[in-house]
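Q: In UniProt numbering, the protein residues as written are 1 to 357.
All C-beta atoms in this analysis are idealised placements derived from N, C-alpha and C, irrespective of residue type, glycine included.
1) What residues in its chain sit with their C-beta under 7 Å from that of residue 178, if we drop five residues either side in the sequence?
2) Just mark residue 44 as buried or exposed, buried being the case when its beta carbon has 16 or more other beta carbons within 10 Å.
3) Under the rule that 16 or more other beta-carbon atoms within 10 Å means buried, what is residue 132, buried or exposed?
4) Apart from the five residues on each side of it in sequence, which residues of its chain come closer than 8 Å, Cβ to Cβ, to residue 358?
5) Measure the beta-carbon distance from residue 68 to residue 92 and round it to whole angstroms, keeping in mind my assumption that it falls under 8 Å.
6) Given this structure, state the Cα-to-Cα distance separating residue 101 from residue 224, to the nearest angstrom.
7) Could you have a look at residue 4 and say whether DSSP puts it in helix, strand or coil?
8) Can you tell me which of the three DSSP states residue 164 falls into?
9) Excluding sequence positions up to five away, which residues of its chain have a Cβ less than 6 Å from the Cβ of residue 259?
10) Measuring straight from C-alpha to C-alpha, what distance separates residue 36 and residue 21?
11) With a cut-off of 8 Å, do at least 3 Cβ pairs link the stretch 48–63 to the stretch 210–227?
12) Starting from residue 149, follow its DSSP beta bridges and name the residues at the other end.
13) Check whether the Cβ atoms of residue 186 and residue 139 sit closer than 8 Å, and answer yes or no.
14) Which class does residue 251 belong to by DSSP, given the choice of helix, strand or coil?
15) Excluding five sequence neighbours on each side, which residues of the same chain lie with their C-beta closer than 8 Å to the C-beta of residue 262?
16) Alpha carbon to alpha carbon, how far is residue 1 from residue 84?
17) Among the candidates 26, 116, 58, 173, whose CA atom is the shortest distance from the CA of residue 193?
18) Hey, quick one: how far does the alpha helix (DSSP H) through residue 96 stretch, first residue to last?
19) Kindly indicate which three-state DSSP category residue 171 falls into: helix, strand or coil?
20) Taking the C-alpha atoms as reference points, what is the distance between residue 161 and residue 153?
21) Determine which residues share a DSSP beta bridge with residue 36 and list them.
22) Helix, strand or coil for residue 45 per DSSP?
23) Terminal residues of the continuous alpha helix (DSSP H) containing residue 221?
24) Do residue 127 and residue 119 count as a contact pair if the criterion is CB distance below 8 Å?
As structure tokens, this is what we get:
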């Protein structure tokens, strides 16, 4: 039976509760606004959105189990943790480690999948390489929390005597190498938008704004670099107390990646709120078949325009409809509309002459 440890007697645990739930609330706001922005703009959820939802769910599970571990002694020195709670603390620690790693993975892959939609050639191959290698590395790390020893039960049950486990040095070297690679991937994914946006015909201010919005993942890389400096604590005999900074850095790394993946879409919400695009009016009442036909043509042009924007790279990047490509599309629509008017007038003139004769 577990023994309840009140947060008032566990200051470090109380700090973990405040940090985890605050960051979870911030991520909830970012992801919620991202989905809301997709809905109000008439967009369908794509793979990157679903991956981000999975990342949010994993963060929620991680936050709940971290809170549970705090209530049974996590954050205290190992010798201060009630003996009845040690086994449960080890099991919950494995769950926390697994969900934390997968939360970071899905957050980063979500943004990488977004980049796949606007890249081609060697850039797309590079993004695919990052997705595949990062997934293999992170999934293997998630499994390590349950397969560090033989038999596996010995990983969380210290009472088993005849067991074979990874050496601390090997585990530390593997963790550091993976942490460095993960941080490098963050920086690469954060810098790729600057290279990608070079091929778009946009105003300079728009290009810089979109690039900055899509480069917020650099903060995830910074958090990952700080995490690498604290990885040595995983082999500590007092991890319950000394692992505080490592756990927080892992949380911040995944949260920064999640927020960075949402910021480009939130930029579109900001533009929609403070600089709403003008909506073309469509006549409801018509006086003749000619005006009804003109209204139908305008409605069809507007529908084609919305379909174009929904599928375009500019829409994915949340570029407002002042970019050159969208302006060109609008010009094409206007030209088609203008070309039809002389033709209609020509037929009307012919009919008038026939009636007169």
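A: Per the coordinate set shown:
1) 137, 141
2) exposed
3) exposed
4) What is shown of the chain runs 1 to 357, which leaves residue 358 out entirely.
5) 6 Å
6) 12 Å
7) coil
8) strand
9) 30
10) 22 Å
11) no
12) 165
13) no
14) helix
15) 30, 31, 33, 34, 52
16) 6 Å
17) 116
18) 86–116
19) helix
20) 11 Å
21) None; residue 36 has no bridge partner.
22) coil
23) 218–230
24) yes
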